[in-house]
Structure formats: structure tokens, C-alpha cells
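Visitor: Chains as they are written, first to last, in the numbering used here: chain F, 1 to 214; chain X, 1001 to 1298; chain W, 2001 to 2200. Don't be surprised by glycine CBs; every beta carbon is placed ideally from N, CA and C.
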Amino acid sequence: MSFTEFVSKNYNEILKSLVRHIELVGISILIGILISIPLGIFLTRHKRVAGPVLALAGTIQTIPGLVMLGFALVLIGIGMLPAIIVLTLYAILPILRNTYTGITEVDKSYTEASRGIGMTNMQTLFKVEIPIALPTIITGIRLSTVYIVSWATLAGLIGAGGLGDLIWTGLSTYNTKYILAGAVPSAILAFILNGLIGLLERILTPRGLRRSRI
Amino acid sequence: MKLKNFMGLAIALVFLLSIALTGCSGGDKIVIGSKDFSENILLGEIFSQLIEAKTDIKVERKLNLGGTFVCFEAIKNGQIDIYPEYTGTGLTAQLKMDVIGEPDEAYRVVAEEFNKQFDIKWLSPLGFNNTYTLAVNDKVYQQYGVETFSDLAKISENLVFGAEHEFFDRQDGYEGLVEKYSLKFRGEPKKMNVSLKYQAIGNGDMDVTDAFATDGAIKQYNLKVLTDDLGFFPPYYAAPIIRNATLERYPELEDVLNTLANAIDDATMTGLNYKVDVEGKNVATVAKEFLNERGLLE
Amino acid sequence: MSGALLEGILEHMAIVSIAVLISSVLGIIMGIIAYWVRFLDSVILWVSEVLQTIPSLALLALLMIIFGLGDITMIVGLVLYALLPIVRNTYTGLKNVSPHLKDAARGMGMSKMQRLFKVEIPLSFPLIFSGIKIALVNSLSVAVMGVLIGANGLGTIIYCGIQSRNMMNILMGAIPVVIMALVFDFGMSKIEKKLIKRTK
């Protein structure tokens, strides 16, 4: 059986795994954004706490995926819930850090100008700082997304589903076709999301601030 | 300047040291592997301890290596020399032949083919048959009173099935089973690491799983094991399999490992599994106790 | 058990060290090529980024098909993953060397090679070092997955802990990884700062 025959025979399974993968990533990124952006904004107003909080988030980042999954498994159990919790935790740092640095690196002349014309703190935030920091924040979201598309492949280990299931099956039976069926779509998914969000980044960069981004 | 140089040197030394220390391992040794579930790990450990006690050969353990096929690849390319395999698995999963129901015939065929095709020898069976079965949780049993796989087929659309990833890509696995018995489970089958199946059934995430007959957790979770009335699964008698090349180098291994012939029956294996899986005892300890009890280490 | 832990730590470090060493050499060379050969720069940077975007489990599984089980496969995977930070930082570092200094070097009669080794690389070194630091810290984490493709390392103890749902084992394997990552991140950042001061 060639690979194409394999795909057409199992295309239902592959599709379901892809959908579940997108679900896992989507939910985790959403929650990650809802937590990180407000938290990041908060940190820019309370800079003394920023260091420790970012350091903590950074430490979570160094914990290997298998380990976090293991913790979630032992503490919570099997299925989508522990997987989403782990993925959300991983999504936090890039978004948080980029929100914080994005806002704090906004040229002081802009914020001074806005205060000068009588804007409140809140207004400055929403009308000046966030719009200017937006590309950086989106970069953070992009990095998080690519990151957790990758880690979500591990989630199949604890019964959460996703493209990882295909890879795990292929790994346990040394079956190239299964591995490809999981690896290729997950890589393509990562590329597409990376590209789409990267496009968003570029669209949202105020023309005056457009600089080359690698 | 000095501090930077010192730190740089220290880091470099640490790296080089770690490479050096792990790099050197020569000399006479064999590598014993195992699959990634408790029973197989236990057997691998039992083999290792037995060989260490009865011969001068150094044993390197690569237990918990992965699924059936990972171990198979490893033994074929010489990364491991021995691992515990099951006749039914060898027959249907690796040789991709049809099921042979008669245990001795199954053993004969699998031993002959493995020798011919892969230059691997099957030593004497250990005595127990760890067959794939289907198990349902107590709630399902109370509700439907199923006894056989065929009974299950009648009510399968109400039940959620789950198994380890390997089960879904084997000749003697999910696809064949579902076809033979016309099973139609509810929704998508759940897939997870082999060690998590029983936990999943226990907390109701799924209703049916492919249990291994000698799993300790069956008792722990009070599961009902069903009968394979149409005989889909072959017999799975466990035995050490060893590369012929390794046997030529160390012919004494054959006699040593054959002292385990028929030494472990179903009940014994289940008991040992129970100690590891349910009582949480250390694999090496359980293996040692077993060997001592049988006087096999003398 | 502590014997197995020590072995795991040493194996883990050995695999990561070898991989980072290889990817540093490879990455710096690729960065230099991207800098010298204009039309190749986007290609090289793009390839490095693509490699990082591929999900790690997928990449390792694919490598396993090609290279089989074992440490070598893991090292290859780590090298591929470590390329982006090193290549990108080398390239950026070289590009950002002040044009005045490059002109001065040319004026002094230095060949391209001489300019590279005597001026450009030394000045870019802090950034290159930073790239290697990132690569190292990431590799420590990714190397845990070695257990899934038959490689050695701390992943073995961690995976064993996951399968027996034993928090102790998971922690025993995880804590050394996290400590090493934090220590190297901290230590190398300190060195980086000193390097930046020197090049000012």
C-alpha cells in the first residue's frame, strides 16, 4: 500500500485528528491570550513585579513537554482537559513577554504627547500604547501558536487526540505511513498558522513604524 | 576576564567529561530490551538478572524501549540482543500471517519463520498465555450482562472503546476485530499510552478496552473479561527471542534462559504484574523475589 | 536509583553537548555564508526557520525512519532545531557590524577572510554566543523526547514515571533538566554581558 492509498483509506481518521488538533491549539491560544495580555498590561503598570513574574513564566517554558504532560496526567487525569491546561501554560510566556516589552518599548515621546493632550492612563493605553505594541504582541501570539502546535502532538499520549495520535501509532508500530500521516499535516498546520499570523503582524504594523522583521 | 575564562573552561570541561563518561562502554555485553508495559519490562528484568547470576556476561538493559515494532526493529538491527515476545504477536503482527489457533502449532510456525526470515531464535515458552481480550467495566457488565465478544457486538453502539496506539495498526488489532465481530462502537475510539487504559476505564472515560489477559489492573478495576467466542485472537505464549548471532557468541544463554521454560503460569504472571502495577513495587525487586523464590538464581 | 539518575544526567548532557557543538559550527558557517552570498541569505534563514516550525515529535519520528533508533537520531534532530538561533544571530551580528569598521578593515588591506576573523566575528561574538545559549537551553528540553526514539537521557526516567504515574520519577528526571537549563541560561547570560562590554 503506497502512502497515497494509505491516506485515502484512513482519510477520515486523519481529518478527525486534524480537527481535534486545531481545537486543542485554538482553545489553548484563546485562553492564553485572555490571560497573558491583561497580565502583560498589568505588569507594565507595576514594573517591580514584572521581573519575577516573567522569570516564573520563563521557567515554565524550560520544563519539557513530556514532563508537563506527566504532571497534568498525575494531577488531573486523561483527556483534553489536562492537555489544554498544559498547552495554555506554554502559550503564556511568549504572549506575556511580548505584551510587556511591546508596551514598555513604545517611544516615550508618544505617551508623553498623549498625556500632554489630556488623555487618561486608560486612553493612552488603548489609543496609543496598544496599537503601537500590537505587532509585537501578535508576534508573541504567533510564536506561542507555532510552539503549541508542536507540543499538542504529544497530547495523544494522554488520550487528548490530535495529529499526535497518528504519530504515536506510527512510532509504536514503526510504521512510516502513520508517522507521515501525522507529521506532515502538523508541520503544514504550523507553517500555515505561522504565515497567516505573520501576515496579520505586517498588516497591523502602523506604516510609520514598519521595519524589517526576520 | 579571568572569571569569564574560568567559567568557559569549566563548562567545556563538564561537557567533555560527560561525553567521555558515556562514550566508553566496550567489552563483552549483551543488551536486553523490552516493550513498554509492565509485564514485558518485568520479563526483561527477569532475563537480565538470571543471566547476570548464571553467567559472566555483562547485561545492559534497554527496558521500556517502546511498542512491539520498535523492539523488533531494534533486535533486527542488533541494537538489542534479546527481548520477550509473544507467539501470537510474532505470527500476526510481525509475520502478518493468519491466526493459528493451536498453541503448539503457532509456536512451531513462528519459531521456524523467525529463524528463516530474521535469523532470530525463539527459546522455550515461559508458560503463560497473555492474550488480547476485551474487558468492560463493572457498570457495563451489570447493565448488559455480556459474556462474550458476540454479546458485546449486540450492544456495542452504546459503548466507547479505547486502546493503546499500537492496537490500531496491527493485523490482530482493532480493524480485524471490529470486522470479525461487526462491532460498531460509539464515536471515535480513544487512543492513549498503554499504561493509561485502565485508569480511563476506571473513571468512565471509556467502557471497553483491549485488556491483556495477565494485566494486574484487571482485578484492581474490577473489570469483566469477555470470551473470544469466534476465536479472533491467536494464542500469545511468551518466550525470550534472541538473535542467532548473539547465541553463536554466547551459546550458554540458551540453557540459562530455558530454565524459565514453563516456569510462569497465567496466575503467577498476573500476580507479578499486580505487584508492580497495583502495589507499586519496584520492577527489579519483584523480579529478584520471583527468581529467589524459585531458586533460579543458584 | 541514583545510579540510573546520574547516568541519565550524563547521557543527557553528552547528547546535548555534541549536538550544540555540531550545530554551532554548522550554524556559524551557514550564517557566514548567508552574510557573504547575498542571494542565499533569505534561503538559508528560511530553511532554518522552517526546521524550527516543524513540530518536534514529528521531526524526531521522521528522523527515526531515516536514521533508526538511538542517540545519533536524537543528535541529528537537536542539531536541526538548534540551527535557527545560531544562524540568525550570526547573520544579524555580522550584518550589524558598523560599516565604518568594515571600511577601515578594507582600508588596512585586510582580505575578506581576515576581515571576518579579525573584525566581524569578534564584534558579533556576543550575539553569536547568545544564539548558542538559546540553542543549548532549548536542546536540554527537547532532548527529553529521546526516550521515544530509543535514545538515552533523562527522558527515560521521566517516561517511566509517566507510565507508572509516579510523580517522584517524573520530578527526578525533570528537575535536573530545569536546573541545567536555568543554570546555563543564567551563566551564559552573564558571560554574554561581559562579552558585550568588551566589544564596546
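1. According to DSSP, is Phe2117 of chain W helix, strand or coil?
2. Cβ closer than 9 Å: which chain W residues qualify as neighbours of Ile179 of chain F?
3. Helix, strand or coil: which one does DSSP assign to Cys1024 of chain X?
4. What residue range is occupied by the uninterrupted alpha helix (DSSP H) comprising Ser172 of chain F?
5. I'd like the span of the beta strand (DSSP E) that includes Arg1186 of chain X, first residue to last.
6. Exposed or buried, Ser2042 of chain W, counting other C-beta atoms within 10 Å across all chains shown (16 or more means buried)?
7. If you draw a straight line from the alpha carbon of Asp1299 of chain X to that of Ile1080 of chain X, how long is it in whole angstroms?
8. Using DSSP bridges, identify the partner residues of Glu1164 of chain X.
9. Should the stretch 2122–2139 of chain W be regarded as contacting the stretch 2076–2091 of chain W, the criterion being three or more beta carbon pairs within less than 8 Å?
10. Residues of chain X with CB under 8 Å from Thr169 of chain F, in chain order?
11. Determine the burial state of Asn1292 of chain X: buried for a count of at least 16 other Cβ atoms within 10 Å of its Cβ, exposed for fewer.
12. Here's the rule: buried if 16 or more other CB atoms are within 10 angstroms of the residue's CB, otherwise exposed. What is Asn12 of chain F?
13. How would you label Leu2045 of chain W, buried or exposed, when you count the other beta carbons within 10 angstroms and need 16 or more for buried?
14. Roughly how far, in whole angstroms, is the beta-carbon of Leu18 of chain F from the beta-carbon of Ala2061 of chain W, given that I think they are within contact range, below 8 Å?
15. Using a Cβ-Cβ cut-off of less than 9 Å, give me the residues of the stretch 1179–1208 of chain X that come near chain W, in sequence order.
16. Is the CB of Ile22 of chain F under 8 Å away from at least one CB in chain X?
17. Please determine, among X:Ala1053, X:Asp1056, X:Asn1077, the residue with the shortest C-alpha to C-alpha distance to Ile1120 of chain X.
18. Which residues mark the beginning and the end of the beta strand (DSSP E) in which Asn1064 of chain X is found?
19. Taking DSSP as the reference, what is the three-state secondary structure of Glu1085 of chain X?
20. Rank X:Tyr1198, X:Ala1239, X:Lys1224 by C-alpha distance to the C-alpha of Asp1277 of chain X and give the top, closest one.
21. Kindly indicate the opening and closing residues of the beta strand (DSSP E) around Phe1212 of chain X.
22. Strictly below 8 Å CB to CB, what residues from chain F border Phe1069 of chain X?
23. Enumerate in chain order the residues of its own chain whose CB-to-CB distance from Ile197 of chain F is below 7 Å, with the five nearest sequence positions on each side excluded.
24. Please report the straight-line C-alpha distance between Asp1228 of chain X and Leu2006 of chain W, rounded to a whole angstrom.
25. Let me know the secondary structure DSSP gives Ala1135 of chain X once reduced to three states.
26. Here's the rule: buried if 16 or more other CB atoms are within 10 angstroms of the residue's CB, otherwise exposed. What is Gly1145 of chain X?
27. Between Gly159 of chain F and Ala152 of chain F, is the Cβ-Cβ spacing less than 8 Å?
28. State the Cα-Cα distance for the pair Leu2021 of chain W and Ala2082 of chain W, rounded to the nearest angstrom.
29. Let me know the secondary structure DSSP gives Ser120 of chain F once reduced to three states.
30. Excluding sequence positions up to five away, which residues of its chain have a Cβ less than 7 Å from the Cβ of Leu2069 of chain W?
31. Taking all protein chains shown into account, do 16 or more other C-beta atoms lie within 10 angstroms of the C-beta of Ile214 of chain F, making it buried, or fewer, making it exposed?
32. Report the neighbours of Asn2189 of chain W on chain X: residues whose CB is nearer than 8 Å to its CB, in chain order.
33. At what residue ranges does the stretch 22–105 of chain F contain a whole run of the alpha helix (DSSP H), taking only runs of 4 or more?
34. Taking the straight line between their C-alpha atoms, what separation do you get for Asn1193 of chain X and Gly1295 of chain X?
35. Over what stretch of residues does the alpha helix (DSSP H) that includes Pro131 of chain F continue unbroken?
36. Between the Cα of Leu1226 of chain X and the Cα atoms of X:Phe1168, X:Leu1247, X:Val1136, X:Asp1207, which residue gives the shortest distance?
Guide: According to the structure shown:
1. For Phe2117 of chain W, the secondary structure class from DSSP, reduced to helix, strand or coil, is helix.
2. Simply Ala2058, Ala2061, Leu2062, Met2064, Ile2065.
3. Because the pLDDT of Cys1024 of chain X is 47, which lies under 50, any placement of that residue in the model is unreliable, and the number read from its coordinates should be weighed accordingly. The answer is coil: DSSP assigns Cys1024 of chain X none of H, G, I, E or B.
4. Start and end: 164–173.
5. Element bounds for Arg1186 of chain X: n/a, residue is neither H nor E.
6. Exposed.
7. Residue 1299 of chain X is absent from the model: chain X starts at 1001 and stops at 1298.
8. By DSSP's assignment, Glu1164 of chain X forms a beta bridge with X:Met1192.
9. Verdict: yes, contact present.
10. Correct list: His1165, Glu1166, Phe1168, Asp1169, Lys1191.
11. Counting Cβ neighbours within 10 Å, Asn1292 of chain X comes out exposed, since fewer than 16 surround it.
12. Counting Cβ neighbours within 10 Å, Asn12 of chain F comes out exposed, since fewer than 16 surround it.
13. By the 10 Å Cβ count, Leu2045 of chain W comes out buried.
14. Actually they are not in contact, since the Cβ atoms of Leu18 of chain F and Ala2061 of chain W sit about 17 Å apart, beyond 8 Å.
15. Those residues of the stretch 1179–1208 of chain X that come within reach of chain W (Cβ to Cβ, closer than 9 Å) are Asn1193, Val1194, Ser1195, Leu1196, Gln1199.
16. No, because no Cβ of chain X sits closer than 8 Å to the Cβ of Ile22 of chain F.
17. Answer by Cα proximity: X:Asn1077.
18. It spans 1058–1066 - the beta strand (DSSP E) in which Asn1064 of chain X sits, taken as one unbroken run.
19. In the three-state reduction of the DSSP assignment, Glu1085 of chain X falls in the strand class.
20. Ranking the options by Cα distance to Asp1277 of chain X, first place goes to X:Tyr1198.
21. For Phe1212 of chain X, the enclosing beta strand (DSSP E) covers residues 1208–1212.
22. Ordered by position in chain F, the residues that pass the 8 Å Cβ test against Phe1069 of chain X are Ser172, Thr173, Tyr174, Asn175.
23. If we look at Ile197 of chain F and ignore the five residues flanking it on each side, its Cβ neighbours are Ile138, Ile141, Arg142, Thr145.
24. The alpha-carbon separation between Asp1228 of chain X and Leu2006 of chain W amounts to approximately 47 Å.
25. Assigned with DSSP and collapsed to three states, Ala1135 of chain X falls in strand.
26. Exposed is the label assigned to Gly1145 of chain X, since fewer than 16 other Cβ atoms lie within 10 Å of its Cβ.
27. No, the pair does not count as a contact, with Cβ atoms beyond the cut-off.
28. Take the alpha-carbon of Leu2021 of chain W and the one of Ala2082 of chain W: they are about 10 Å apart.
29. The residue asked about is misnamed: residue 120 of chain F is Thr in this sequence, not Ser. DSSP, read as helix, strand or coil, puts Thr120 of chain F in coil.
30. Around Leu2069 of chain W: Ile2149, Gly2150.
31. Confidence is the limiting factor: at Ile214 of chain F the pLDDT is only 39, short of 50, which leaves the residue's position unreliable, though a coordinate-based value still follows. Exposed: under 16 other Cβ atoms inside 10 Å.
32. Here residue 2189 of chain W turns out to be Ser, not Asn, going by the sequence shown. None at all; the shortest Cβ gap to chain X is about 12 Å.
33. The qualifying runs are 47–62, 65–75, 80–104.
34. Their Cα atoms are separated by approximately 35 Å.
35. Note, Pro131 of chain F: alpha helix (DSSP H), 130–151.
36. Nearest C-alpha to Leu1226 of chain X among X:Phe1168, X:Leu1247, X:Val1136, X:Asp1207: X:Val1136.
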